[in-house]
Amino acid sequence: MRPATRTLADVVVIAALAAYAIPFFWQLLTSFKPEAELLRIPPLLPSRLTLSHYRVVLEQSLMPRALLNSLGIATLTTTVALVVGLPGAYAVARRPVPGKRWLLLAIVASTAFPQIATVSPLYLLMRGLDLRDTWTGLVLVHASFALPLTVWLLAGFIREIPIEAEEAASVDGAGLVKTFRWVVVPLLAPGLASTALLTFLFSWNEFLFAYTFTVSEASRTIPVALALFPGVFEVPWGDIAAASMLASLPPVLIVVALQRFLVRGLVAGAVKE
Amino acid sequence: MLLLAPTALALGALTVYPGAWVLWLSLQHRIPIFGVARFAGLDNFTFLSVDARFWSAAHTTAVFTVASVALEVVLGVGAALAIHTQRRGRAVALSFLLLAWAMPAVVAAKLFEWLYHPVAGLINVALGRHALNWLGDPAIALAAVTLADVWRTMPFVAILCYARLLAIPPDLYEAAQVDGAGRLATLTRITLPLLGRILLLAVLFRTLDALRAFDIMFVLTGGGPANTTETLTVYAYRALFQTLQLGFGSALSVVVFALVMVVAWAYLRLLRAGSVAA
Amino acid sequence: MSAWGYGATRLIGVLVLLAGCAGSPGEGEPVTLVFKYARILGNADPLPTLLREFEAQHPGVRVKGEAMPWTSDDQHQFYVINLEGRSPGFDVLMLDCIWTPEFARAGWLLDLTPYLQPGELAPFFPSTVASATYDHRVWALPWNMNVGLLFYRTDLLAKYGLQPPDTYEALVEQARLIRGRERDPALDGYLWQGKQYEGLVVNVLEALWANGAPLITDDGAVFPEPARAADALRFLRGLITSGVSPTWTTAADEELSRRAFGDGHAIFLRNWPYARDLFESEGSAVRDKVAFTAIPGRARGEPGAGSTGGAHLGVSRRSRHPELAVALARHLTSERAQRAIALGAALSPSRQALYHDPELVRRNPAMPRLHALALAGRPRPITPYYLLVSATVQPEFSAALVGVKPPERAIDDARARLGHFLGALR
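Quick note, the sequences are listed as chains A, B and C, same order. Taking my numbering, the leading residue of the first sequence gets 1036, the next gets one more, and so forth. Taking my numbering, the leading residue of the second sequence gets 152, the next gets one more, and so forth. Taking my numbering, the leading residue of the third sequence gets 815, the next gets one more, and so forth.
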């Protein structure tokens, strides 16, 4: 193919994929449209842009608090899942564990676990422990739900690390903890990043558990706050658009800034066996 | 062994234990609001077997799963091939796809609720005089919900395929070119067979997700109109938390659980058979 | 904090201790009452002012209003998950009148009977008091009153010399006549709420009652007149298939139908009293062209009755400040507060005297008429299982209306499902 044709083909592909993202960009535009022009199309483009919807969302709704809750819960979930999952992943990857085959099967099976299957007992459990409407409750549930995938991903990344590095360290007399800290973790950093991103996104996006276990601003996360966004007379489309842009801010940042890690994690999750 | 303890403990306490508990709940009549808690045997399940709403939800789940996964595969492979042909701008192209995938399902639902707006929705504006009542017409509401779900999840399939394409050694294609194979032949004889295994995996993950789909229809239509978009999970959730019928709702959850496990098992068998043959 | 403020909070602390509350606040700590409510309709929300008034009357008490989800179904789930078996984070709660027996039976509400003065409830509509009562105890104070109304376009009816219809048959006839003569393709006949939600149950109930077919009797029989019930559903479906009501009726809630009627695109509308204020507001396309009458009956059937509804204020049984919480509920349901709410937010009072209040009548001359219709309204079944019943019949009604199920089958399926679920409760 001639270079000009090639460039044209590249442009066509990018244009097609940009068109694929129109639902997002349309909502972005909506979030800046003046209220009076929302239901009046054509014209497609607004006469002017306004921040009024963002002002309403930030000043008069639960959204700022929900953003904080989501940020806290997703960060804690990621931390807990990594701290708990890393030793387990190391064992799965490196150590002879009796019944490993079954354990791996259990891990794979639990990634397929539907949330609805455990929500009723978890509800009773949360009620019994008085953890409804707390960060702790949701973090526990999210972390345990994310754990199988975390272990699975990390085990895969650990296997990629040449075992010689660890062997050299233990020859030098470093104990397990030291080897782990100074050899495995630094080499694992990109893998850890990928895993952390996926866990964070899972917790940020999760709806069913969050909808059930959070009731007030104390713990309500952003997807729930968005789903229940209150309207008074009519559906406040502009405010909802602004709120959904806030809710997709971290995912968008991750996609734009940390794409490499995200793709790596996604692919690893599916391919490693 | 010690290293595994935290993982095992967490999985045991918050996944396996509730998994057993839900089975026990499904055998009870249990409604905390009214102080009802007694053993019911298979009552809940026998009722389900004649419950028209259950069968309708099962049917909806099946249609939704087959339609969304099929569309995702076709579009996903297409998108992967398209990006793979690109010389420059792959990262930008990927960003557009990932944008859709990384978003909470609730946000996707809100985006499409706005696109489907009867009067001011972009889709109806584009359709002009042929505008449709997307979320209110029982004949097309499920299709509308399926499209919204495909939009958000197709990129997953595309990215897995794209990663596999990157791993295909270029000399395979050069050899094909030497043999005088046309573009179509290269595609059907080399590229698609090599994608086979990863596609099967992608389909597995997507099928499992589609079978338990909840967020998108719960937010977009709430299961309506006339329950035409009510999946098994939405039905189970309504039974559980609209009126706290924990026993009956758990029976529905157990059905979803069993369904997912059976499908997962079948796929894994298929996958194993495939890897032996290859 | 000023010496005065300090003293006042101390005083409140002592008062609260005297009231015998467990877990009284620490010394000098102000009391915070949390009030859960759905944001009231209307641009001039009178609630913040009313809450500040209460704070001024009770120094050292702070009232925090927390908004709830907007739809009745979401609110119910919120309460169910939040109240069941634990201390909720609020003291006073707004509840849909249909939930009172359920919440009372579940032990979530404080029994207000001992707090009431003799005759305190006499000024309220008897029907609202009945729906706040369960097991001969009072569990909530009526806050506002709702009743189903038939709105019609006075200009169109007058143009063709018609009187407002008192049967559905007459309504259909008039809609046909007017639409035939007006030749306006954008003009619909009769708008009502057919979306799958609580509002649908209200609309179908009104049709069932008009056809002499109750949903559930006092002794618990479900659809004792299945043939009549199916006939009522068939009639509603017929409104849509014959074009008297638009096809989007099956997706219509109060606001969607109110808006279309308010834009001048319909002759008749079934809705609640709040719609009148919006029709008469400045810039409305139907200003001075709308009146309301009773929900129609059926020819050779019973006269029509609008379903009643409305919100109550209850006190959480686990409130740490029950005396103050009751005082707040009382303050918000007082005549003064209800007048402010009626003026600012278009919600109809639950106190009968206000319907003849000069200030309110000046603003809305239809108040006395509304009073009569509200008195004639009929409540939805009063049972602790109301929500279970409603949630069970909603999809069946909806299926019949959109035509995916014959009405007879919808009624049969609803009976079978209700039989099973109510059976599990025994």
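Each residue gets a CB set at the ideal place from its N, CA and C atoms; glycine is no exception. Keep in mind it's a predicted model, so treat the numbers as computed, not measured.
Check, Outcome
"Contact list for leucine 1263(A) against chain C, beta-carbon separation under 7 Å", "Pro883, Asp888"
"C-beta neighbour in chain C for serine 1155(A), strict 8 Å", "no"
"Local Cβ density within 10 Å of leucine 1052(A), reported as buried at 16 or more and exposed below that", "buried"
"Where the beta strand (DSSP E) containing methionine 1098(A) begins and where it ends", "It is not in any beta strand (DSSP E) - methionine 1098(A) instead sits in the alpha helix (DSSP H) that spans 1098-1129."
"Helix, strand or coil at glutamate 179(B) [DSSP, three-state]", "Here residue 179(B) is glutamine; the residue named in the question, glutamate, does not match the sequence. Three-state result, glutamine 179(B): strand."
"Cα-Cα separation between leucine 371(B) and tyrosine 974(C), rounded to whole angstroms", "43 Å"
"Phenylalanine 190(B) burial status per 10 Å Cβ neighbour count (16 or more: buried)", "exposed"
"Beta-carbon proximity check, serine 219(B) vs valine 308(B), cutoff 8 Å", "no"
"Secondary structure of glycine 1304(A), DSSP reduced to three states", "helix"
"Contact with chain A by asparagine 1267(C), beta-carbon distance below 8 Å", "Examination of residue 1267(C) is not possible in this model, given that chain C is present from 815 through 1240 alone."
"Valine 1200(C): first and last residue of the uninterrupted alpha helix (DSSP H) it sits in", "Before going further, note that residue 1200(C) is tyrosine rather than valine in the sequence given. Unbroken alpha helix (DSSP H) run through tyrosine 1200(C): 1200-1216."
"Chain-ordered chain B contacts of alanine 1141(C) [CB-CB under 9 Å]", "Going along chain B, no residue has its Cβ under 9 Å from alanine 1141(C), so there is no contact; the nearest lies around 28 Å."
"Length of the line joining the Cα atoms of valine 1220(A) and leucine 1188(A)", "14 Å"
"Any 3 or more C-beta pairs closer than 8 Å across the stretch 204-213 of chain B and the stretch 367-383 of chain B", "yes"
"Chain-order list of residues whose beta-carbon lies under 6 Å from that of proline 1221(C) (same chain, five-residue window excluded)", "Ala1044, Leu1047, Arg1048, Ala1214"
"Interface partners of glycine 287(B) on chain C, CB under 7 Å", "Trp1062, Thr1064, Ala1065"
"Glycine 803(C), buried or exposed, once every other Cβ within 10 Å from all chains shown has been counted against 16", "Nothing can be reported for residue 803(C): it is not among the residues displayed for chain C, which extend from 815 to 1240."
"Min CB distance glycine 962(C) to chain A below 8 Å", "no"
"Length-filtered (4 minimum) alpha helix (DSSP H) runs lying within the stretch 230-313 of chain B", "241-253, 256-266, 273-278"
"Local conformation of glutamate 1070(A) per DSSP, three classes", "helix"
"Three-state secondary structure assigned by DSSP to valine 877(C)", "strand"
"Touching by the beta-carbon criterion (3+ pairs, under 8 Å), the stretch 967-984 of chain C and the stretch 1006-1016 of chain C", "no"
"Assigned secondary structure, leucine 1232(C) (DSSP; H/G/I helix, E/B strand, else coil)", "helix"
"Status (buried if at least 16 other CB within 10 Å, exposed otherwise) for proline 289(B)", "buried"
"Exposure label - glycine 1226(A); buried when at least 16 CB within 10 Å", "buried"
"Coil, strand or helix - valine 848(C) by DSSP", "strand"
"Glutamine 237(B) at chain C interface by Cβ criterion, 8 Å", "no"
"Alanine 188(B) - partner residues in DSSP beta bridges", "Arg181(B)"
"Contact check, threonine 1197(C) vs leucine 955(C), beta carbons under 8 Å", "no"
"is_contact[phenylalanine 392(B), chain C] using C-beta, thresh 8 Å", "yes"
"Neighbourhood of alanine 1238(C) by C-beta, 6 Å cutoff - its chain only, sequence neighbours within 5 removed", "none"
"Beta-carbon proximity of valine 407(B) to proline 1149(A), cut-off 8 Å", "yes"
"Span separating the alpha-carbon of alanine 822(C) from that of proline 873(C)", "With a pLDDT of 40 at alanine 822(C), under the threshold of 50, the modelled position of this residue cannot be trusted, and the question is left open."
"Buried or exposed (CB count within 10 angstroms, at least 16 for buried), arginine 1101(C)", "exposed"
"Backbone secondary structure at threonine 1064(C) - three-state DSSP", "helix"
"Stretch-stretch touch, CB-based, cutoff 8 Å, three pairs: the stretch 1198-1210 of chain C with the stretch 1222-1233 of chain C", "yes"
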